[in-house]
């Protein structure tokens, strides 16, 4: 493993989740000091873990204050956290407006807020890399045939939120490029997580590489976009989907 992220201070939100663990581990392997902001752990002494509710402005402010007081810089931010309401995944006809509104708030609006606050520091540094997590369903329409034979569906708000985040990232790239700050998206395809067997079979029958993705398929590209190897790449949406969006 190379050390292309050596001495960088990088924040990952939601680092205790399926993708988050792989992202945090990869960033550490490549030499960075990785700070995991997650609601499900306590803050530790070296601040590699900080308790943070990404849906709370106060909690974000407090976490960033702690980080900057100790390390005085932020070289990278990966917005990976995926908060959602308990009724997430209801059929379109059954979605309550308050649920739609709340999910847009806690997902899309939390990305806006932490980006806004981190970019203040990155602008002072005249450097930084932001990576927002998109999705294939922020790029193309849903294929609902993969849910046939199951009780599963795709949350309607997901497509709106991820599509919005992808274009918001382009906005950040164009606005902050002159400060040597890069903003990119990574959009995974379906990631295997012991889903319904029928769904997995349907998905794998369609995707050209004939398998669902794994967290280790995604994490290396995030490390690349955080590193100086991608120093002239900004405003892009890197789709990592086994070919899903090419057919």
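In this note's numbering, the protein residues as written are -7 to 239. Here a beta-carbon is modelled for each residue, glycine too, at the ideal position from N, C-alpha and C.
Here the alpha carbon of residue 201 sits roughly 29 angstroms from the alpha carbon of residue 82.
Annotation for residue 148: 84 and 87 place their beta carbon closer than 7 angstroms to its own, counting only its chain and skipping 5 residues before and after. Here residue 99 is buried. Its C-beta has 16 or more other C-beta atoms within 10 Å.
DSSP, read as helix, strand or coil, puts residue 15 in helix. Here the region 166 to 186 makes contact with the region 101 to 118; the two share three or more CB pairs at distances below 8 angstroms. When C-beta atoms of the region 118 to 132 are compared with those of the region 219 to 232, three or more pairs fall below 8 angstroms, so the two segments count as touching.
Looking at the backbone, the Cα of residue 137 and that of residue 94 are separated by about 28 angstroms. Counting along the chain, the unbroken beta strand (DSSP E) around residue 5 starts and ends at 1 to 5. Residue 162 sits in a helix when the DSSP states are folded into three classes. If you look at residue 89, you'll find it isn't in any beta strand (DSSP E); it sits in the alpha helix (DSSP H) that goes 89 to 95. Comparing C-alpha distances from residue 141 to each of 183, 190 and 17 shows the shortest one belongs to 190.
At the C-beta level, residue 5 and residue 72 come within 9 angstroms of one another.
Here residue 121 is buried. Its C-beta has 16 or more other C-beta atoms within 10 Å.
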